[in-house]
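Student: Chains as they are written, first to last, in our numbering: chain A, 1 to 124; chain B, 125 to 248; chain C, 249 to 372; chain D, 373 to 496.
Note that beta-carbon positions come from the ideal geometry of N, C-alpha and C, so glycine has one too.
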């Protein structure tokens, strides 16, 4: 019953979060609760649930379903979260969320953080 | 300048967060802002900074230095965050934070979430 | 159909591998094919398959089932891989593999790599 | 000196590897040693070394520098690894490797693995 039996559990229980989301959300106009909604979405996606209800997201949070719904709406309005239609094998359409707009902003636009630059004032 | 040149950036920019932290923090009595402080600590540790100041943590957040200091204090009081003394090569002592108490709670104690159980209502 | 629609796919498709396994396997007496068997096991575990057959592991590799079985046996003999009995909810016993012995060697024993040490000559 | 002091070490020591690389390399015509060279490159990139020498890569492997150089050449010829020129702040050019061609193949082309498809025999 040694603790080391937990090593594998830790290894297998990682959720990958974009570093730049953590370093840049304040610059993107997001607060901590809104970022946590995004992290809960990433977690849901990893379990192949691409359209969790506000209730399902709020269940693990300290906010109400209504507050969660408002944040999801705000994320869509700000252009960080998208709703898409997806067709399954039975040609049925269903809605899914996508965080690609956020990832695109984080990784292809002019960097929001100066982090990786060596600001020396000589860049023209 | 294709987007695919960003693929590698995304791959290399992941911060590993314990899944159980995300699913269990509410049960552990933590709120979203407090979890985000923990995530900022993990990020700092990954950059080999094991004792960031409240100001350094708050710099990337939407809270003040004072609010951040209060949260760090609360995390220590709740037994999730530890402060330890570490000796470097020059036999100099310095303080470092450690999240091992939190990880121990998450991965070795009776699970705080029912997640891996088969909830059948018969548990007493 | 922009490439950026792949960003989320990359984010969600990461397999966490212990860095020290990659830096230390040669020192541990393992070669590249043996490490890849370990990586395939980690991948299998992440899909909640804790006892893949040699055939299942070899299916994604360029080695035969027999070579794979030999490597699994060698990993057990070397004390890196364990076989354990696990009881499920129906009190049925089944075999599972565990990589905890390897992780214990990598993370609790005297480091196999000098990487994080500051060799000061006083260790005898 | 409990083992649980290793929990944080494990959490902070993860190397993210694309799952699809592990499931698809055989289909891509790569063997285990060649994939391990790629994994060593990813590790090197994470340490901000974007142009390791064959010797540096081979140092942690069980192959010779020459074998490693041959594999790097093969990866470039197969179109999985690219060499690019990068300009630093002092307008100096240097070579860097990029795994974007491989990631592009893994994540934007027709999937090499049937994994996410529902093979129903009707795809002609």
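Does residue 8/A pass the burial test, meaning 16 or more other C-beta atoms within 10 Å, or should it be called exposed?
Tutor: Result: buried.
Student: When you compare the segment 71 to 81 of chain A with the segment 34 to 43 of chain A, are there three or more beta-carbon pairs, one atom per stretch, that lie closer than 8 Å?
Tutor: They touch, by the three-pair rule.
Student: Return helix, strand or coil for residue 173/B, following the three-state DSSP convention.
Tutor: If DSSP states are grouped into helix, strand and coil, residue 173/B belongs with coil.
Student: Under 7 Å Cβ-Cβ, which residues of chain D neighbour residue 254/C?
Tutor: Result: 479, 480.
Student: Relative to the C-alpha of residue 97/A, which residue among 83/A, 27/A, 13/A is closest?
Tutor: Nearest option by C-alpha distance: 83/A.
Student: At what residues does the beta strand (DSSP E) containing residue 272/C begin and finish?
Tutor: Not the beta strand (DSSP E): residue 272/C falls in the alpha helix (DSSP H), residues 267 to 272.
Student: Does any residue of chain D bring its CB to less than 8 Å from the CB of residue 169/B?
Tutor: It does: the Cβ of residue 169/B has a partner Cβ on chain D nearer than 8 Å.
Student: Got a sec? Which residues, its chain only, sit under 8 Å from residue 158/B by beta carbon, not counting five neighbours each side?
Tutor: Here the set comprises 149, 195, 198, 199.
Student: By Cβ distance, which residues of its chain are closer than 7 Å to residue 422/D, with the 5 residues on each side in sequence left out?
Tutor: Correct list, in chain order: 468, 469.
Student: Give the C-beta separation of residue 81/A and residue 20/A to the nearest angstrom, bearing in mind that I take them to be a contact with Cβ-Cβ under 8 Å.
Tutor: That belief does not hold up - the Cβ atoms of residue 81/A and residue 20/A are roughly 16 Å apart, past 8 Å.
Student: What distance in whole Å lies between the Cβ atoms of residue 475/D and residue 390/D, which are believed to be in contact at a cut-off of 8 Å?
Tutor: Correct: roughly 7 Å between the Cβ atoms.
Student: Do you know offhand how far residue 387/D's Cα is from residue 403/D's?
Tutor: Each residue's alpha carbon lies about 20 Å from the other.
Student: Let me know the secondary structure DSSP gives residue 135/B once reduced to three states.
Tutor: It is helical.
Student: When you compare the CB of residue 138/B with every CB in chain D, is at least one pair closer than 8 Å?
Tutor: Yes, residue 138/B lies at the interface with chain D (some Cβ there is under 8 Å from its Cβ).
Student: Give the DSSP-derived three-state secondary structure of residue 93/A in the structure shown.
Tutor: Residue 93/A: strand per DSSP, three-state reduction.
Student: Measure the C-alpha to C-alpha separation of residue 490/D and residue 89/A and round it to an integer number of angstroms.
Tutor: In this prediction, residue 490/D scores a pLDDT of 37, lower than 50, which makes its location untrustworthy; the coordinate-derived value is nonetheless stated afterwards. Taking the straight line from one Cα to the other gives about 7 Å.
Student: Does residue 74/A come out as helix, strand or coil in the three-state DSSP assignment?
Tutor: It is helical.
Student: Please confirm if residue 199/B has its CB atom under 8 Å from at least one CB of chain D.
Tutor: So, not an interface residue.
Student: Taking C-beta pairs closer than 7 Å, name the residues in chain A that residue 133/B reaches, listed in chain order.
Tutor: Chain A residues near residue 133/B: 107.
Student: Once DSSP output is grouped into helix, strand and coil, what is the label at residue 481/D?
Tutor: It is coil, neither helix nor strand.
Student: Which partner residues of residue 456/D appear in the DSSP bridge assignment?
Tutor: According to DSSP, residue 456/D bridges with 468/D.
Student: Who are the Cβ neighbours of residue 65/A in its own chain at under 6 Å, not counting the five residues just before and after it?
Tutor: The answer, listed in chain order, is 54, 55, 58.
Student: Short of 7 Å Cβ to Cβ, which residues in the segment 184 to 211 of chain B face chain A?
Tutor: Under the 7 Å Cβ criterion, the segment 184 to 211 of chain B contributes 184, 185, 186.
Student: So is residue 108/A buried or exposed if we call it buried at 16+ other beta carbons inside 10 Å?
Tutor: Per the 10 Å Cβ criterion, buried.
Student: At the level of alpha carbons, what is the spacing between residue 440/D and residue 129/B?
Tutor: Spanning the two alpha carbons is a distance of roughly 25 Å.
Student: Our contact map puts residue 408/D next to residue 284/C with C-beta atoms below 8 Å; I'd like the distance itself, whole angstroms only.
Tutor: Contact flag correct, Cβ pair sits at about 7 Å.
Student: Less than 8 Å between the CB atoms is what I'm expecting for residue 12/A and residue 333/C, so what's the real figure, rounded?
Tutor: Actually they do not touch by this definition, with Cβ atoms about 19 Å apart.
Student: Rounded to whole angstroms, how far is the Cβ of residue 327/C from the Cβ of residue 300/C, which I believe are closer than 8 Å?
Tutor: With 8 Å as the limit, residue 327/C and residue 300/C do not qualify as a contact, their Cβ atoms being about 20 Å apart.
Student: When you compare the CB positions of residue 311/C and residue 134/B, do they come within less than 8 Å of one another, or not?
Tutor: No. Outside cutoff.
Student: What separation, rounded to the nearest whole angstrom, lies between the Cα atoms of residue 22/A and residue 172/B?
Tutor: If I take the Cα positions, the gap works out to 17 Å.
Student: In angstroms, rounded to a whole number, what distance separates the CA positions of residue 463/D and residue 471/D?
Tutor: C-alpha separation (whole angstroms): 24 Å.
Student: Examine chain A for any beta-carbon lying closer than 8 Å to the beta-carbon of residue 254/B, and answer yes or no.
Tutor: Only positions 125 to 248 of chain B appear in the structure, and residue 254/B is not among them; the question remains open.
Student: Compare the C-beta of residue 48/A with all C-beta atoms of chain B and state if any pair is closer than 8 Å.
Tutor: So, not an interface residue.
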